[in-house]
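Data block below; observations after.
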Amino acid sequence: MRRIHVGNALSAFGLGFTVPYLYVYVAQVRGLGSVTAGLVLAVFAVAALIVLPFAGRAIVLQGPLPVLLAALVTAAVGALSLGLAGGAVAVLLAAALLGAGQAVMQPALATMIVDCSTAETRSRAFAMQFFLQNLGLGVGGLIGGHLVDTTRVSSFTLLFAIEAAMFLLLVVVMATVRMPHSPKIEGAPARSAKGGWKQLLGNRAMVQLCVLGFVLFFACYGQFESGLSAYGVEAAGISTSALGTALAANTAMIVVAQFAVLRFVERRRRSRVIAAVGLIWAVAWLAAGYAGLGHGSQEMATAAFVSTYALFGLGEAMLSPTVAPLVADLAPEGLAGQYNSAFALVKQLALAVGPAVGGPMGASLHAPYIVTFLLFSLGISVLAIRLGRRLTEVQDQPWVARNRVVARGGSAAEPVAARP
């Protein structure tokens, strides 16, 4: 588990090095223009959407470790190629490799966490993963910002080379991992893979969780660097430095609050925790509305806007030990990789659609933008309560369920009946 957490931190650190500067690199440093830069960002999303369904099958049939190693090598080749590419076609192909590798890392690492944890330790394991990911992204972005120089292509080449080196270092670290059991499914591979998707789509609770996940990512992550930032600049008059402060406040809230929040959410129903996040994010959108639509001072508008990002961070800290373990608990034995990949696919869809919808609205339709995403946040609470009615007690509140089993002299692995 320690090696897996090191892997999460290293991959996030490598991505933090380059992702914030990708647009500038393609459009200005390489001189390929804003259209090509926009296509590069789109290629990341498209590559992820293409490979994730196949990644789920591969994880189920081969295990998460071989798939992770292949994804890391692919991402390393893509990162290094991106740093050396000079033409539009080469840049787009390199971005496709990097995007595909990056997308497959997420469900592979998540499945390894599931296989190396127990029901008692899983929430903390995923909380640690989220904490290290945000810390790695923040530190990587900070260091990368001091290394780049828009007047020198070589500085960006160095940046992408460092990212590739992080992925290859992670290959070495992960190669030493010995999984505690084989996640492979016995039987014919083709039948198992197809059956896994059919079984997933027939799991009503998982389908509802995927719908809820789409709304979560669409209303939060899909707006961070598109609609919400455009709204802050256009409607609230937020400066670029204040926007950077808001993003820093989001990361700081996650880093500071993650383990304090964990103590709270571990003993609450997961569906109620997600519903509470919807309410917190509704307050965040109200704060954003005050920043852009109110008539206070610029200082008050800036403070409200920074508070919006901080409140989003609080919600994210509550979700990290809640949603990923719930996906794992909904997955039948041996199909955690399939379920993790399906949920990652839903996330990528939301991250692709969110900026496309929120960007134009945030820039020009200020009041409708706030009202729309305020309603989406309240919709999160409604969907979470409905999901809770379909979950078993051990899925929704595993801590209480385990205590009841132990109290009556049973095994902690003994199933608990679903609530009516």
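The working numbering applies: residue 744 is where the sequence shown begins, and numbers increase by one. Idealized CB from N, CA, C, for every residue including glycine. Remember, predicted model here, so these are calculated numbers, not experimental data.
- By the Cβ neighbour-count rule, glutamate 1076 is exposed, with fewer than 16 other Cβ atoms within 10 Å of its own.
- Boundaries of the alpha helix (DSSP H) around arginine 865: 865 to 890.
- The three-state reading of DSSP puts threonine 1135 in strand, counting E and B together.
- Between the alpha carbons of threonine 894 and asparagine 993 lies a distance of about 31 angstroms.
- About 14 angstroms separates the CB atoms of alanine 785 and glycine 776; that is not less than 8 angstroms, and the two are not in contact.
- Contact annotation, alanine 1027 with leucine 1054: C-beta distance approximately 4 angstroms; criterion of less than 8 angstroms satisfied.
- Residue environment: lysine 941 is assigned as exposed (fewer than 16 neighbouring CB atoms within 10 Å of its CB, all protein chains considered).
- Shown here for arginine 1013: same chain residues with a beta carbon closer than 6 angstroms to its own, the five before and five after excluded, namely Thr1065, Leu1069 and Asp1139 in chain order.
- At least 7 angstroms separates the beta-carbon of glycine 975 from that of leucine 1094.
- By the beta-carbon neighbour count (other beta carbons within 10 angstroms, threshold 16), arginine 1133 is buried.
- In the displayed model, valine 769 falls within a helix according to three-state DSSP.
- Per the Cβ contact rule, the stretch 898 to 911 is in contact with the stretch 816 to 829 (3 or more Cβ pairs under 8 angstroms).
- Taking leucine 808 as the centre and dropping the five residues before and after it, the same chain places the C-beta of Ala851, Met855, Met917, Val920 and Met922 closer than 8 angstroms to its C-beta, in chain order.
- Ranked by Cα distance from tryptophan 1142, the first of Gly887, Asp1072, Ala843 and Gln849 is Asp1072.
- No Cβ-Cβ contact shorter than 7 angstroms links alanine 1079 with valine 794.
- Looking at Ala989, Gly980 and Cys963, the one whose alpha-carbon comes closest to that of leucine 1117 is Cys963.
- One Cα belongs to alanine 870, the other to alanine 752, and the distance between them is close to 13 angstroms.
- Of the other Cβ atoms in all chains shown, fewer than 16 fall within 10 Å of the Cβ of methionine 1043; this residue is therefore exposed.
- Judged by beta-carbon spacing, alanine 791 lies within the 7 angstroms limit of glutamine 1091, meaning their Cβ atoms are closer than that value.
- Leucine 1062 and isoleucine 997 have their C-alpha atoms some 11 angstroms from each other.
- Excluding residues up to 5 positions away in sequence, nothing lies with its Cβ nearer than 6 angstroms to the Cβ of proline 796 in the same chain.
- The residue among Ala1018, His748, Gln805 and Ala846 with its C-alpha nearest the C-alpha of alanine 819 is Ala846.
- Taking 7 angstroms as the cut-off, the Cβ atoms of serine 1124 and leucine 1029 do not count as close.
- Rounded to whole angstroms, leucine 835 and phenylalanine 1086 show a C-alpha spacing of 26 angstroms.
- Going by DSSP, tyrosine 1052 is part of the alpha helix (DSSP H) stretching over 1041 to 1062.
- Relative to the Cα of alanine 833, the nearest Cα in the group Leu815, Ala780 and Val1049 belongs to Ala780.
- With contacts defined as CB atoms closer than 7 angstroms, serine 1084 and glycine 799 qualify as a contacting pair.
- The three-state secondary structure of proline 1075, taken from DSSP, is coil.
- The beta-carbon distance between phenylalanine 756 and glycine 883, rounded to whole angstroms, is 4 angstroms. This is short enough to meet the 8 angstroms contact definition.
- Nearest to glycine 842 by alpha-carbon distance, out of Val1008, Cys953 and Leu815, is Leu815.
- Taking the C-beta atoms as reference points, glycine 887 is found nearer than 7 angstroms to phenylalanine 760.
- Selection Leu1130, Val1049, Ser1107 and Leu1057 evaluated against valine 1008 yields Leu1057 as nearest (Cα-Cα).
- In the three-state scheme derived from DSSP, where H, G and I count as helix and E and B as strand, alanine 828 is classed as coil.
- DSSP, reduced to helix, strand and coil, places histidine 748 within a helical segment of the structure shown.
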